Amino acid sequence: MMGHTHALTGAIAWLGLAPPLAALPLLNESSRFIETGIMAAALGPTELIAGAIICAGAAMLPDLDHPSATIAQTFGPVTWMLSKAVSWASGGHRGATHSLAFAVAIGFGAHFLANTYPIGRDIMVVLLIGLALRALGIGIPGKKIASALVNIGLTAGLYAVFMSQGVGYAWLGLAVGIGSFAHVVGDCLTERGCPVLWPLSVKFLLPWKIGIKTGKKFEQKILAPVLSVAIVGLLFWRLAPV
């Protein structure tokens with residue numbers, strides 16, 4: 001799938017799954033179930049919107065293994081070099097990063113950062129905002145450096161808004177995990193599939209006659225508009241007064 005499709009599906013996955021997942025009962029320190037999930041109170045309207053943006057960016061993370069992908073162009077040479085390193089470490093495109101193991105690992109890593117290293121957390125948040133904006137087409141066609149500068153400016157602006165609204169990040173790991181796995185599921189619907197159970201090499205995919213052809217008319221003219229409408233509908237549903 002193309003970058004903007006992954007970003008849209010990431011936002012949809014967050015808006016659809018985050019509230020019920022955050023409200024699941026969890027064990028407290030005395031090993032007794034509590035009535036609501038630890039993160040339920042942390043998902044106000046502002047956090048829900050911020051999470052949709054960040055989850056959209058997280059849905060781009062598996063493509064860090066592809067130096068020519070949208071994600072590698074987000075912040076110019078910085079993300080390109082990061083992508084080259086990840087591509088080498090993961091065994092190339094649609095390798096280790098396109099798996100359930102990666103989604104779980106990156107989700108727990110983001111949760112660890114959010115609760116342990118505020119500076120690392122903020123760097124990740126900024127990166128994910130930038131990825132979401134770039135995937136949705138923010139930039140100047142044919143101008144990589146200029147596009148990176150525009151992206152940096154808009155990312156900084158959005159992050160400043162999050163800070164002014166006092167957004168907390170107890171849910172960051174959840175958003176990153178959901179977004180990353182949404183990417184994997186999306187690519188399983190294409191003609192190439194993904195090694196969901198990596199390190200096993202078997203790939204999960206639809207039959208080639210059914211699978212979505214990346215970048216073709218169906219994805220660009222039909223799927224993308226449908227996903228956009230779905231996001232608007234989910235936002236109205238989640239933010240409507242009870």
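The opening position of the sequence shown corresponds to residue 1 in the numbering used here, with each subsequent residue numbered one higher. Yeah, the Cβ is synthetic: ideal placement off N, Cα and C, and Gly gets one too. Keep in mind that this is a model prediction, so the values were computed, not measured.
Note to self: Can you confirm whether the stretch 124-131 touches the stretch 185-200 when touching is taken to mean that 3 or more C-beta pairs between the two stretches lie within less than 8 Å?
What the structure shows: no
Note to self: Based on DSSP bridge pairs, tell me the residues matched to F204.
What the structure shows: For F204, which the question treats as bridged, DSSP gives the partners C194.
Margin query: Using 8 Å as the cut-off, can you tell me whether the stretch 151-168 makes contact with the stretch 85-98, which would need three or more C-beta pairs spanning the two stretches below that distance?
Written below: no
Notebook entry, point to check: So what's T70 in DSSP terms, helix, strand or just coil?
Noted result: helix
Margin query: Please report the distance separating the alpha-carbon of D187 from that of V161.
Written below: Roughly 32 Å between the two C-alpha positions.
Check: What's the C-alpha gap between G72 and T79?
Finding: This sequence places Ala at residue 72; Gly is not what is there. The alpha-carbon atoms of A72 and T79 are separated by roughly 5 Å.
Check: What are the boundary residues of the alpha helix (DSSP H) that includes R121?
Finding: 118-135
Margin query: Since I129 and I54 should fall inside the 8 Å C-beta cutoff, what is the C-beta to C-beta distance between them, to a whole number of angstroms?
Written below: At roughly 7 Å, the Cβ-Cβ gap stays under 8 Å, so I129 and I54 are in contact.
Check: Anyone know if the C-beta pair for L100 and V184 falls short of 9 Å?
Finding: yes
Check: So D187 is in the alpha helix (DSSP H); what residue range does that whole segment cover?
Finding: 172-188
Margin query: Between which two residues does the alpha helix (DSSP H) holding K84 run?
Written below: 77-90
Checklist line | Residue span of the alpha helix (DSSP H) that contains I231, given as start and end | finding: First-last of the alpha helix (DSSP H) with I231: 224-239.
Notebook entry, point to check: Which residue comes first and which comes last in the alpha helix (DSSP H) that contains G16?
Noted result: 3-22
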